[in-house]
Amino acid sequence: MPKKYIVQKFDPNQDFQLEAIQAVVDIFQGLPTNGDRQNTLWTGTVPNFPPEKVFDETWLLENVITVQKRNNIPPLVKLAKDEGLVLDGAGYDSHEYFPFTIEMETGTGKTYVYLRTIYELSQKYNFRKYIIVVPSIAIFEGVFKAFQDLKGHLSSLYGNMNVHMHKYDSAHISMLRDFADSPFTEILVMTVQSFDNASGYHRNNIYKPQEQLPGERLPYQYIQETRPILILDEPQNLKSDLRRSALHTLNPLYSLNYSATHHNLYNHLYSLTPFEAYQRGLVKKIQVDGVLET
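Taking numbering that gives the first Met the number 0, I'd label the letters of the sequence shown as residues 0 to 293.
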């Protein structure tokens with residue numbers, strides 16, 4: 000019997016949230032749609048995109064500029080890339096990916112926006128593998144709770160799409176094989192501390208051989224094969240050289256960066272600043288030059 004979810008009352012039509020969601024969806028205009036790819040058969044790992052397909056940088060830049068102009072953001076001349084080595088102990092390769100920035104004031108539904116963006120991208124482009132990377136256990140638990148609260152609402156909007164969220168648990172490492180092999184949309188929530196050490200005796204379990212996963216692959220390699228989309232929650236806390244290398248080690252297809260206080264606005268797609276949120280009546284107070292005004 001199919002699982003039933005209680006649909007709580009969430010407003011699906013808030014324009015500022017829809018604008019943030021659409022900003023991400025529209026940068027991939029021109030990719031094969033879900034309908035074009037739904038009959039593709041995979042055995043074993045289900046990657047986010049066929050290995051022979053790559054993003055054409057000129058096409059992607061054109062789409063990004065279109066979104067930026069619509070959202071009154073100065074258009075780019077060239078796309079920014081995050082490039083660097085993987086963690087010491089996980090190989091000697093370098094990896095690069097495009098980071099995209101969504102700027103949203105605290106209290107305006109950042110978590111709702113990125114969870115619903117996952118549904119949109121899955122429905123339209125068949126992107127299936129996502130990792131939400133958070134800087135703390137408190138945010139880790141909060142994201143999982145938000146998904147449980149929103150599941151009925153999102154299910155009603157997206158035709159009961161099969162979307163599963165899992166808390167990463169190093170004691171149950173076989174979940175990574177299930178994440179990689181599932182034909183459905185899978186979301187893994189991880190703290191950065193769970194995969195930021197790949198060398199020495201105290202390296203994370205994700206980099207150690209495991210009886211639960213016999214064979215030649217190490218646990219983290221299951222993730223790498225999926226080319227996951229990273230959702231970086233509060234990415235300003237993930238910008239040390241060590242943590243950037245940890246993100247590169249996951250072999251992401253691209254990242255979506257969500258915060259109210261970005262240090263760097265890489266490939267900036269959408270902005271809802273404190274002042275704009277205040278003007279639109281979304282928050283009751285605003286801090287200007289260190290002074291809290293109402």
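A virtual CB, placed ideally from N, CA and C, is assigned to each residue, including glycine.
Scanning its chain for C-beta atoms nearer than 8 Å, with the 5 sequence neighbours on each side dropped, one finds around G106 the residues A276, L281, V282, in chain order. Around the beta-carbon of D240, fewer than 16 other beta-carbon atoms lie within 10 Å, marking it exposed. For D81, the enclosing beta strand (DSSP E) begins and ends at 81-84.
Counting only runs that start and end inside the segment 131-192, the alpha helix (DSSP H) elements of at least 4 residues fall at 136-156, 174-180. With fewer than 16 other Cβ atoms inside 10 Å of its own Cβ, F183 counts as exposed. Beta bridge pairing from DSSP links T116 with no other residue. The shortest CA-to-CA distance from S254 to any of F139, E18, L75, T116 is the one to T116.
For the set P49, G43, L78, L60, the Cα lying nearest the Cα of D25 is the one of L60. By the C-beta criterion, the segment 121-130 is judged to be in contact with the segment 228-236, since at least 3 inter-stretch pairs fall below 8 Å.
If the five residues before and after V85 are omitted, its C-beta is found closer than 7 Å to the C-beta atoms of D92, H94, S244, H247, T248, all from its own chain and listed in chain order. Its chain contains G43, T44, V45 as the residues whose beta carbon lies nearer than 8 Å to that of D180, once the 5 sequence neighbours on both sides are disregarded; these appear in chain order. In the DSSP assignment, L255 falls within the unbroken beta strand (DSSP E) covering 253-258. Secondary structure at S270: strand, using DSSP grouped into helix, strand and coil.
By the CB criterion at 8 Å, Q211 and I172 fall inside the cutoff. Taking 8 Å as the upper bound for CB-CB distance, F99 and N256 are in contact here, some 7 Å apart. For E210, there is no enclosing alpha helix (DSSP H), as DSSP gives it neither H nor E. The C-beta distance from M164 to I136 rounds to 16 Å, too long to fall under 8 Å, and the pair is not in contact. For the 8 Å CB-CB criterion, A259 and V112 do not form a contact. The beta carbon of Q235 sits closer than 7 Å to those of S258, T260, H261, H262, all from its chain and outside the five residues before and after it, given in chain order.
With a threshold of 16 other beta carbon atoms within 10 Å, T272 falls short and is exposed. With fewer than 16 other Cβ atoms from the protein chains shown falling within 10 Å of its own Cβ, Y200 counts as exposed. DSSP, read as helix, strand or coil, puts I64 in helix.
Put simply, of S193, M174, F9, G151 the residue whose alpha carbon is nearest the alpha carbon of G108 is F9. Take F194, set aside five residues on each side of it, and the residues of its chain with a beta-carbon closer than 6 Å to its own are N203, I205, A245, in chain order.
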